[in-house]
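In our numbering, the protein residues as written are 857 to 1195.
Below you can see the structure in the form of structure tokens.
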């Protein structure tokens, strides 16, 4: 194992990890890090080519969808780090326990507060795909802790690599503050050099006392972790397609007065938020809102939509009388001017 300085687990909270230059020339094809790298290459490529990731990399990410993605990460890392804490003294996992350097839950809580407010816990809900991922992590941590290695490797090494690209894309596409509010998840304050830390992590992987069969099971579990991630991506992609187009340049969406009022972008957005505010997809919000839609339309549906406000006012007798008077005055003024 290459010479490194130990992590700051027992040091001051603000201390960063320190390590010497690590060498890769001693890596063997049978080392776990190499088996994971080669054994998950196809899954990695497939994950990168999901529609959600491709759109994200192009900067085509709506804020509401990014919030839901952050919510999925919160539930995932809460489960992962709970099981890591449970197994921090287990020899099959202990060498990979870097809470100060890697844990993301606290950073995600900051992001959730930024997007949802102080009462964020009341506004979110774990999605179906994320729940399946979470359940698997808990099962592994409690019954097969050696497989927890696969989930930690898949998540954290990805966060320190491609995650840094996503950080920049999200900050630019969503016009997030330069002070990094909303993207704390991607910021590893206690890792001074990501490349060197990844070398350290791989060295720790390779030093685990595991037989060939166990290594193969870890690689298989890593591929399963990628599948869980892809299922979350596919779920987010479906939700993204259902989201109403966001107003551009601060414009206000207006119903054109034709067809079903429920197709009005204003109402689609407003009703969809009933679901989004609780972490649900917008189509769920619309379903929930369907119970109240007839009441809204029967009452004063025009209260929010600019077009319907004008139409509703125009139907009022007093308004019609005023409009008629204005037309008469205008006509008289025009006739006087012509003479």
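Backbone N, C-alpha and C define an ideal beta-carbon position, used for all residues, glycine too.
Return helix, strand or coil for residue 959, following the three-state DSSP convention.
coil
Could you tell me if residue 1138 is buried or exposed, where buried requires 16 or more neighbouring beta carbons within 10 angstroms of its beta carbon?
Residue placement at residue 1138 is poorly supported in this model, since its pLDDT is 44, which falls under 50; the coordinates are not used for a value here.
Within 7 Å, strictly: CB atoms of residue 919 and residue 1032:
no
Residue 1058, buried or exposed, once every other Cβ within 10 Å from all chains shown has been counted against 16:
A residue is called buried when at least 16 other Cβ atoms come within 10 angstroms of its Cβ; residue 1058 meets this threshold and is buried.
Residue 1001 and residue 1075 closer than 7 Å at C-beta:
no
Straight-line gap, residue 1055 to residue 988 (C-alpha atoms, nearest Å)
31 Å
Quick one: Cα of residue 957 to Cα of residue 1037, how far?
19 Å
Going by the C-beta, is residue 1020 closer than 6 Å to any heavy atom of the ligand SAM?
Absent from the structure shown: the ligand SAM. Ligands present: none.
For residue 926, which three-state DSSP category applies?
It is helical.
Nearest-angstrom Cα separation, counted from residue 902 out to residue 1024
So the alpha carbons of these two residues sit roughly 22 Å apart.
Taking 6 Å as the limit between beta carbons, can you name the residues of its chain near residue 1062, skipping five residues before and five after?
If we look at residue 1062 and ignore the five residues flanking it on each side, its Cβ neighbours are 887, 888 and 889.
Have a look at 891, 884, 883 and 882 and flag the residue whose alpha-carbon is nearest the alpha-carbon of residue 1069.
It is 891.
DSSP on residue 1192, reduced to helix/strand/coil?
At residue 1192 the pLDDT is 45, less than 50, meaning the model places this residue with poor confidence and gives no usable figure here.
Applying the 10 Å Cβ sphere with the 16-neighbour rule, what's the burial state of residue 1040?
buried
Let's test the definition: count the other Cβ atoms within 10 Å of the Cβ of residue 1010 and tell me whether it reaches 16, buried, or not, exposed.
buried
What's the gap between the Cα of residue 922 and the Cα of residue 978?
18 Å
By how many angstroms is the C-alpha of residue 1052 removed from the C-alpha of residue 1026?
25 Å
Would you say residue 935 and residue 993 are within 7 Å of each other, going by their C-beta atoms?
It is a contact, given that the beta carbons lie within the stated cut-off.
Report the rounded CA-to-CA distance for residue 1016 versus residue 1047, giving the unit in angstroms.
10 Å
Host alpha helix (DSSP H) of residue 1010 (start-end):
Judged by DSSP secondary structure, residue 1010 falls within the alpha helix (DSSP H) whose first and last residues are 1004-1016.
Using the Cβ count rule (16 or more neighbours within 10 Å means buried), how would you classify residue 1091?
buried
Classify residue 1071: buried if its beta carbon has 16 or more other beta carbons within 10 angstroms, exposed otherwise.
By the C-beta density criterion, residue 1071 is buried, having at least 16 other C-beta atoms within 10 angstroms.
Measure the beta-carbon distance from residue 896 to residue 1078 and round it to whole angstroms, keeping in mind my assumption that it falls under 8 Å.
Correct: roughly 5 Å between the Cβ atoms.
Taking all protein chains shown into account, decide if residue 1097 is buried (16 or more other Cβ within 10 angstroms of its Cβ) or exposed.
exposed
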